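Undergrad: Protein chains in written order, with this note's numbering: chain A, 42 to 178; chain B, 42 to 178; chain C, 42 to 178; chain D, 42 to 178; chain E, 42 to 178; chain F, 42 to 178.
Ideal placement from N, C-alpha and C gives every residue a C-beta, glycine not left out.
Computed from a predicted model, the values in this text were never measured in an experiment.
There are 6 protein chains.
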Amino acid sequence: MTFKTSIIRRAQFNAAHRLHNDQWSIEKNNDIFGKCNNPNFHGHNYILEVKVIGEINPDTGYVVDAKILKQIINKEVIDQFDHKNLNLDTSDFRHLIPTAENIARVIYDKIRINLSIDLELKIKLYETENNSVEYPA
Amino acid sequence: MTFKTSIIRRAQFNAAHRLHNDQWSIEKNNDIFGKCNNPNFHGHNYILEVKVIGEINPDTGYVVDAKILKQIINKEVIDQFDHKNLNLDTSDFRHLIPTAENIARVIYDKIRINLSIDLELKIKLYETENNSVEYPA
Amino acid sequence: MTFKTSIIRRAQFNAAHRLHNDQWSIEKNNDIFGKCNNPNFHGHNYILEVKVIGEINPDTGYVVDAKILKQIINKEVIDQFDHKNLNLDTSDFRHLIPTAENIARVIYDKIRINLSIDLELKIKLYETENNSVEYPA
Amino acid sequence: MTFKTSIIRRAQFNAAHRLHNDQWSIEKNNDIFGKCNNPNFHGHNYILEVKVIGEINPDTGYVVDAKILKQIINKEVIDQFDHKNLNLDTSDFRHLIPTAENIARVIYDKIRINLSIDLELKIKLYETENNSVEYPA
Amino acid sequence: MTFKTSIIRRAQFNAAHRLHNDQWSIEKNNDIFGKCNNPNFHGHNYILEVKVIGEINPDTGYVVDAKILKQIINKEVIDQFDHKNLNLDTSDFRHLIPTAENIARVIYDKIRINLSIDLELKIKLYETENNSVEYPA
Amino acid sequence: MTFKTSIIRRAQFNAAHRLHNDQWSIEKNNDIFGKCNNPNFHGHNYILEVKVIGEINPDTGYVVDAKILKQIINKEVIDQFDHKNLNLDTSDFRHLIPTAENIARVIYDKIRINLSIDLELKIKLYETENNSVEYPA
Chain A
42 MTFKTSIIRR AQFNAAHRLH NDQWSIEKNN DIFGKCNNPN FHGHNYILEV KVIGEINPDT
102 GYVVDAKILK QIINKEVIDQ FDHKNLNLDT SDFRHLIPTA ENIARVIYDK IRINLSIDLE
162 LKIKLYETEN NSVEYPA
Chain B
42 MTFKTSIIRR AQFNAAHRLH NDQWSIEKNN DIFGKCNNPN FHGHNYILEV KVIGEINPDT
102 GYVVDAKILK QIINKEVIDQ FDHKNLNLDT SDFRHLIPTA ENIARVIYDK IRINLSIDLE
162 LKIKLYETEN NSVEYPA
Chain C
42 MTFKTSIIRR AQFNAAHRLH NDQWSIEKNN DIFGKCNNPN FHGHNYILEV KVIGEINPDT
102 GYVVDAKILK QIINKEVIDQ FDHKNLNLDT SDFRHLIPTA ENIARVIYDK IRINLSIDLE
162 LKIKLYETEN NSVEYPA
Chain D
42 MTFKTSIIRR AQFNAAHRLH NDQWSIEKNN DIFGKCNNPN FHGHNYILEV KVIGEINPDT
102 GYVVDAKILK QIINKEVIDQ FDHKNLNLDT SDFRHLIPTA ENIARVIYDK IRINLSIDLE
162 LKIKLYETEN NSVEYPA
Chain E
42 MTFKTSIIRR AQFNAAHRLH NDQWSIEKNN DIFGKCNNPN FHGHNYILEV KVIGEINPDT
102 GYVVDAKILK QIINKEVIDQ FDHKNLNLDT SDFRHLIPTA ENIARVIYDK IRINLSIDLE
162 LKIKLYETEN NSVEYPA
Chain F
42 MTFKTSIIRR AQFNAAHRLH NDQWSIEKNN DIFGKCNNPN FHGHNYILEV KVIGEINPDT
102 GYVVDAKILK QIINKEVIDQ FDHKNLNLDT SDFRHLIPTA ENIARVIYDK IRINLSIDLE
162 LKIKLYETEN NSVEYPA
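Written out as structure tokens, the structure is:
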């Protein structure tokens with residue numbers, strides 16, 4: 042018996058962001074988001090782990106070729122988010138608060154459409170050394 | 042379709058402990074626990090990862106607010122275990138051997154009661170760089 | 042109610058390898074495996090995480106004794122792969138391409154036979170800081 | 042014979058910044074600073090290591106008390122830079138380009154004035170996993 | 042022209058300790074050492090880096106053989122401190138407060154006597170992820 | 042007063058190597074180099090830190106532009122050593138044993154000639170997590 046296998050590819054991008062709900066008052070934004078609500082933005086080195094789950098191809102020994110997965114990550118994530126202001130420079134977070142949770146979901150959707158249907162996808166995103174998220178859980 | 046999302050918060054505490062089963066002879070304790078049975082204790086920098094799984098709140102973009110999760114961890118774990126002797130200074134390990142497995146279970150129970158029923162909880166605890174445990178598996 | 046618990050033991054080995062399918066032409070091998078196909082080999086510091094899942098033994102507080110798990114890893118993996126050429130020095134990869142995926146599966150099989158049937162096993166293998174695999178997924 | 046001893050304290054802050062020389066044309070700024078010149082800013086998790094060199098106090102066994110050093114770092118660096126836009130929210134970088142080199146020098150000056158004259162100070166600042174600076178060299 | 046070369050060997054040990062000056066009152070000990078003064082001890086995973094500086098031997102390409110350096114570290118440090126209570130189980134800290142600074146100096150002296158006079162020695166000791174010391178500075 | 046400033050750039054390469062002195066018998070090679078003498082080679086993920094020391098350019102805030110330093114490292118080190126067999130695929134180690142010490146010296150010479158005379162250079166090379174070297178010391 043064999044099981045499915047995961048391959049995980051790690052990447053990084055550096056971005057500015059601000060957590061702000063424009064349906065809320067200044068006070069409520071400050072109360073909920075604290076210093077993450079700074080109108081002048083702050084930033085992070087985001088560390089991304091993209092996990093793809095599938096069968097090992099017996100001819101290559103690969104689930105997916107890491108070079109191809111790297112190209113997908115570069116095109117869909119690094120080129121769009123690295124050295125950007127997530128709130129101002131991307132269309133993804135114009136109406137979506139760029140919390141780590143939401144960034145992970147957006148990245149999932151961007152990578153998902155590049156993968157064959159028989160491959161499962163999971164995203165892990167570190168916002169800091171102490172805070173990370175996974176989607177799907 | 043959307044999935045549940047995890048948020049992971051990392052924390053640390055430094056503690057002394059001794060692995061000892063008081064139902065056993067000195068020889069058997071030494072045989073099973075080896076140098077971890079040192080009656081004068083030894084210690085570790087424990088690294089804790091608390092994972093909470095749930096739905097993203099669309100108003101905040103959070104599964105849970107990391108600040109609140111940090112407060113729970115501080116109150117239930119750091120304040121009780123940091124710079125303590127787990128065997129002598131806590132009630133949790135008076136009759137329970139403070140292996141990493143049991144420490145993780147105790148931490149699970151302490152944090153679980155602070156979380157809403159619709160959130161799932163997982164604990165990962167590193168005792169050293171080379172040894173860690175997860176509860177639930 | 043209690044859940045199963047995982048214990049994870051980390052280890053390392055340094056090895057040379059070459060990715061090559063001897064059913065393919067030089068051109069196809071080069072096309073698929075690129076610089077990993079170098080006939081003179083290249084190498085890695087492999088970091089291995091062995092996860093064993095089971096019930097905590099109430100007498101010891103252990104799922105499995107980490108010392109025994111370390112002995113199994115040393116006998117089945119480190120002694121066989123460390124400072125070796127995976128293609129030339131091992132029988133495991135004589136007819137199997139030593140991708141991280143396949144190495145993880147081989148390690149799984151080697152360790153599985155040393156564990157009691159009621160314990161579940163998972164392997165994570167880092168080939169580099171940026172590339173890792175898990176088996177089973 | 043005894044030598045001087047160093048104590049190193051590590052801390053973190055998350056900030057947005059933009060590299061821009063307002064004496065230069067848009068083209069020259071873009072040529073030199075590339076995507077770091079993004080007018081909407083980008084950001085980093087800065088990791089700071091503050092090294093203090095001196096004699097060990099025989100009564101305490103400390104060069105300096107790590108708690109006091111932590112307070113100095115919090116007051117002079119974390120409170121001023123964490124979750125801030127270095128260009129807009131601080132006076133330090135109004136006329137100084139916030140490269141890692143310049144940030145390290147500014148931090149050196151802020152901490153230096155809090156230390157006794159017989160203690161030597163060195164700053165290391167990681168802007169990313171792959172880029173760091175030291176001041177003095 | 043060639044320069045001297047350093048080789049750094051990393052090792053770990055886990056120990057319990059207590060910071061306490063028996064010339065002082067309970068109040069003063071508590072004031073200076075805080076929770077590190079816990080009479081029941083606490084503990085750490087100490088990470089040790091031993092740096093040896095010298096000329097490269099042209100026959101071996103080594104400054105010193107890492108295997109021999111590892112043996113010295115095991116004999117002088119790991120065998121004596123690992124899984125020990127530094128205050129109770131060692132003679133080194135019977136009259137010396139086991140701060141990271143003093144532990145580094147003790148380790149320096151223990152290793153120094155095993156090295157040829159033409160080799161320079163430096164010790165780095167991490168007490169936690171955020172606190173480390175170097176001796177000589 | 043200002044001091045000189047360091048900038049450190051980190052990079053990686055994966056290579057196979059064998060430690061062997063062809064002036065020595067098989068027995069002496071085995072005695073000195075042990076499993077590192079395996080005639081079929083083994084390998085490592087080498088982590089390289091290139092430190093350049095100089096004055097900060099007041100117009101750019103840089104000691105050297107990290108992008109240019111990265112290009113030098115890619116041309117002189119990564120393109121020549123990554124996914125290579127250091128003994129067979131490079132001219133540098135045809136008559137020089139590829140210990141970490143010697144690799145660091147070779148890298149120093151390759152990068153040194155690309156840097157202006159007023160900049161100082163230091164190389165740190167990790168062969169494994171536990172073994173690293175610095176040149177100059």
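Would you identify the three-state DSSP class for F122(A), choosing helix, strand or coil?
TA: The residue given as residue 122(A) occupies position 81 in the first sequence. DSSP places F122(A) in helix when its eight states are reduced to three.
Undergrad: Can you pull the DSSP bridge partners for H83(B)?
TA: Here residue 83(B) is taken as the residue at index 42 of the second sequence, counted from 1. Answer is H58(B), bridged to H83(B).
Undergrad: Measure from the alpha carbon of I113(F) to the alpha carbon of each residue in V91(F), D100(F) and G95(F), then state which is nearest.
TA: Locating residue 113(F) in the sixth sequence gives position 72, where the first residue counts as 1. The candidate whose alpha carbon is nearest that of I113(F) is V91(F).
Undergrad: Can you name the residues of chain E whose CB is closer than 8 Å to the CB of I49(D)?
TA: Taking the first residue of the fourth sequence as 1, we reach residue 49(D) at position 8. The contacting residues are N172, S173, V174 and E175.
Undergrad: Verify the CB distance criterion: does T169(C) have a CB-CB separation below 8 Å to chain F?
TA: Taking the third sequence and counting its residues from 1, one reaches residue 169(C) at position 128. Interface residue, yes.
Undergrad: So which residues on chain D does H85(A) lean against when the C-beta distance must stay under 8 Å?
TA: In the first sequence, counting from the first residue as 1, residue 85(A) sits at position 44. Within chain D, the residues near H85(A) are N55, G84, H85 and N86.
Undergrad: Hey, is the segment 149–163 of chain D in contact with the segment 117–126 of chain D, meaning 3+ C-beta pairs nearer than 8 Å?
TA: Yes, since at least three Cβ pairs between the segment 149–163 of chain D and the segment 117–126 of chain D fall closer than 8 Å, the two stretches touch.
Undergrad: What whole-angstrom Cβ distance do I49(D) and V174(E) have, given they're in contact under 8 Å?
TA: On the fourth sequence, residue 49(D) is found 8 positions in, with the first residue counted as 1. On the fifth sequence, residue 174(E) is found 133 positions in, with the first residue counted as 1. Yes, I49(D) and V174(E) are in contact; Cβ-Cβ is about 7 Å, under 8 Å.
Undergrad: Would you kindly report the start and end of the unbroken beta strand (DSSP E) that includes I164(F)?
TA: What you label residue 164(F) is simply residue 123 of the sixth sequence in a count that begins at 1. Note, I164(F): beta strand (DSSP E), E161 to Y167.
Undergrad: By a C-beta neighbour count over all protein chains shown, 10 Å radius and 16 as the cutoff for buried, is K108(F) buried or exposed?
TA: Taking the sixth sequence and counting its residues from 1, the one referred to as residue 108(F) is at position 67. Burial call: exposed.
Undergrad: Count the other CB atoms within 10 Å of the CB of D72(F); is the residue buried (16 or more) or exposed (fewer)?
TA: As a position in the sixth sequence, residue 72(F) is number 31, starting the count at 1. It is exposed - the Cβ of D72(F) has fewer than 16 other Cβ atoms within 10 Å.
Undergrad: Below 6 Å CB to CB, which residues in the same chain sit around F74(E) once its five sequence neighbours on both sides are set aside?
TA: Translated into the one-based positions of the fifth sequence, residue 74(E) becomes position 33. Excluding positions up to five away in sequence, the list reads L60.
Undergrad: Check the Cβ of A107(E) against every Cβ in chain F and list those closer than 8 Å, keeping chain order.
TA: As a working note, residue 107(E) is residue 66 in the fifth sequence. By Cβ distance, chain F contributes N172.
Undergrad: With a threshold of 8 Å between beta-carbons, can L137(D) be considered close to chain A, or not?
TA: By 1-based counting over the fourth sequence, the position of residue 137(D) is 96. Cβ-Cβ to chain A under 8 Å: no for L137(D).
Undergrad: Could you check where the alpha helix (DSSP H) with Y149(C) kicks off and where it finishes?
TA: For this step, residue 149(C) is matched to residue 108 along the third sequence. Taken as a continuous stretch (DSSP letters only), the alpha helix (DSSP H) holding Y149(C) covers A141 to R153.
Undergrad: Name the chain C residues whose beta carbon is nearer than 8 Å to that of E179(B)?
TA: Nothing about residue 179(B) can be read from this structure; chain B reaches only from 42 to 178.
Undergrad: Identify the residues that DSSP records as bridge partners of I94(F): which are they?
TA: Translated into the one-based positions of the sixth sequence, residue 94(F) becomes position 53. Looking at the DSSP assignment, I94(F) forms a beta bridge with S47(F) and E161(F).
Undergrad: On the DSSP letters alone, give me the boundaries of the beta strand (DSSP E) that E175(E) sits inside.
TA: Looking up residue 175(E) in the fifth sequence gives position 134. Run containing E175(E): N172 to Y176, per the beta strand (DSSP E) assignment.
Undergrad: If you follow the alpha helix (DSSP H) that L156(E) is part of, which residue opens it and which one closes it?
TA: Taking the first residue of the fifth sequence as position 1, residue 156(E) is located at position 115. Here L156(E) belongs to no alpha helix (DSSP H), and DSSP marks it neither H nor E.
Undergrad: Within the present structure, is the beta-carbon of N172(A) separated from the nearest heavy atom of the ligand HEM by less than 7 Å?
TA: Among the components of this structure there are no ligands whatsoever, and the ligand HEM is therefore not found.
Undergrad: Using a 10 Å radius around the Cβ and a threshold of 16 neighbouring Cβ atoms, would you call D133(A) buried or exposed?
TA: As a working mapping, residue 133(A) is identified with position 92 in the first sequence. Buried, since its Cβ has 16 or more Cβ neighbours within 10 Å.
Undergrad: Within 10 angstroms of the Cβ of R146(A), are there 16 or more other Cβ atoms? Answer buried if so, exposed if not.
TA: Residue numbering aside, residue 146(A) sits at position 105 when the first sequence is read from its first letter. Classification of R146(A): buried, given that the 10 Å Cβ count is 16 or more.
Undergrad: Relative to the alpha-carbon of P99(D), which residue among H136(E), F44(E), A178(E) and H124(E) has its alpha-carbon at the smallest distance?
TA: Working through the fourth sequence from its first residue, we reach residue 99(D) at position 58. Out of H136(E), F44(E), A178(E) and H124(E), H136(E) has the C-alpha closest to the C-alpha of P99(D).
Undergrad: Starting from L127(E), trace the alpha helix (DSSP H) both ways and give me its first and last residue.
TA: Against the fifth sequence, residue 127(E) aligns to sequence position 86. Unbroken alpha helix (DSSP H) run through L127(E): L127 to D130.
Undergrad: Does DSSP put I88(A) in a helix, in a strand, or in coil?
TA: As a first step, residue 88(A) is located in the first sequence; it is residue number 47 there, counting from the start. Of the three classes helix, strand and coil, the one that applies to I88(A) here is strand, per DSSP.
Undergrad: Mind listing the chain F neighbours of I94(E)? Cutoff is C-beta to C-beta under 9 Å, in chain order.
TA: As a working mapping, residue 94(E) is identified with position 53 in the fifth sequence. Within 9 Å Cβ-Cβ: E175 and A178.
Undergrad: Assuming H85(D) and N86(A) are in contact, meaning their beta carbons sit under 8 Å apart, how far apart are those beta carbons, in whole angstroms?
TA: Locating residue 85(D) in the fourth sequence gives position 44, counting from the first residue. Locating residue 86(A) in the first sequence gives position 45, counting from the first residue. Contact holds; Cβ gap of about 5 Å.
Undergrad: For A52(D), which beta-bridge partners are listed by DSSP?
TA: Reading the fourth sequence from its first residue, position 11 is the one you call residue 52(D). Answer is L89(D), bridged to A52(D).
Undergrad: Relative to the alpha-carbon of Y149(C), which residue among I138(C), G102(C) and I164(C) has its alpha-carbon at the smallest distance?
TA: Looking up residue 149(C) in the third sequence gives position 108. The candidate whose alpha carbon is nearest that of Y149(C) is I164(C).
Undergrad: Of the residues T46(A), N81(A), D123(A) and H83(A), which one's Cα is nearest the Cα of V105(A)?
TA: Residue mapping note: residue 105(A) aligns to position 64 of the first sequence, counting from 1. The candidate whose alpha carbon is nearest that of V105(A) is T46(A).
Undergrad: Which residues, taken in chain order from the segment 70–81 of chain F, show a beta carbon closer than 9 Å to some beta carbon of chain E?
TA: Within the segment 70–81 of chain F, the qualifying residues are I73, F74 and G75.
Undergrad: Should E170(F) go down as buried or exposed, given a rule of 16 or more other Cβ atoms within 10 Å for buried?
TA: Here residue 170(F) refers to the residue found at position 129 of the sixth sequence. Classification for E170(F): exposed.
Undergrad: Consider the Cβ of N62(C): report whether some Cβ of chain A lies at a distance smaller than 8 Å.
TA: Here the question's residue 62(C) lines up with position 21 in the third sequence. Closer than 8 Å: yes.
Undergrad: Does any residue of chain A have a CB that is nearer than 8 Å to the CB of K125(D)?
TA: Translated into positions along the fourth sequence, residue 125(D) becomes position 84. Yes, K125(D) counts as interfacial toward chain A.
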